[in-house]
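Colleague: Would you mind keeping the following structure in view while I ask a few things?
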Amino acid sequence: MHKTLSRIAVAGAGVATLLVFTASPAMADTDKTISNSHGWMKYYDDGDTFQVCDNNADGHGVTGELVQVYPGGATEIRLTLTDGGDSGCSARKGYNVGNGFNEQYEMWLSWNGGGATVKSAPFNE
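Taking mature numbering (1 follows the signal peptide of the UniProt record, and there is no 0), I'd label the letters of the sequence shown as residues -28 to -1, 1 to 97.
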């Protein structure tokens, strides 16, 4: 009886592990948006493009950055987009977001009139 229960437990753990690993990649393939009271920045997964939009006619635009975050905390700006002073949003710009071992990215959105920067959760392809 004890051996049968052990086998069932091992099989159940294997199925649970399989479900976790098959669900994870599907969750990574999604669009992402961050925003503040002045605008937003969006990542379009299909095509790896980014866009920012200034929502307010306040004389200040918004700046969005795609930042690669390395182990240990070092960062490198990979793409910068700005919008403001006109109708509509910025044109989309592309950057091939990878999924390698050290490839973690964040989107950072700032209002050009000051204040805190909004940061996304880390992501990759």
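Each residue gets a CB set at the ideal place from its N, CA and C atoms; glycine is no exception.
1) In its own chain, which residues sit with a C-beta less than 6 Å from the C-beta of Gly66, not counting the 5 before and 5 after it?
2) According to DSSP, is Val69 helix, strand or coil?
3) Is it true that the CB of Asn71 sits closer than 8 Å to the CB of Pro43?
4) Could you tell me if Gly56 is buried or exposed, where buried requires 16 or more neighbouring beta carbons within 10 angstroms of its beta carbon?
5) Whose CA, out of Leu51, Thr89, Trp83 and Gly87, lies closest to the CA of residue 143?
6) Could you check if Met(-2) is buried or exposed, using at least 16 other CB atoms within 10 Å of its CB as the buried criterion?
7) When you compare only the Cα positions, how much space is there between Gly31 and Ser59?
8) Decide if Ile6 is buried, meaning its Cβ has at least 16 other Cβ atoms within 10 Å, or exposed.
Modeller: Quick answer:
1) Asp20 and Thr21
2) coil
3) no
4) buried
5) Since the first residue of the chain shown is -28 and the last is 97, residue 143 is not available in this structure.
6) Any reading at Met(-2) needs caution, since the residue's pLDDT is 44, under 50, leaving its predicted position unreliable; the model's value is listed next. That one is exposed.
7) 13 Å
8) buried
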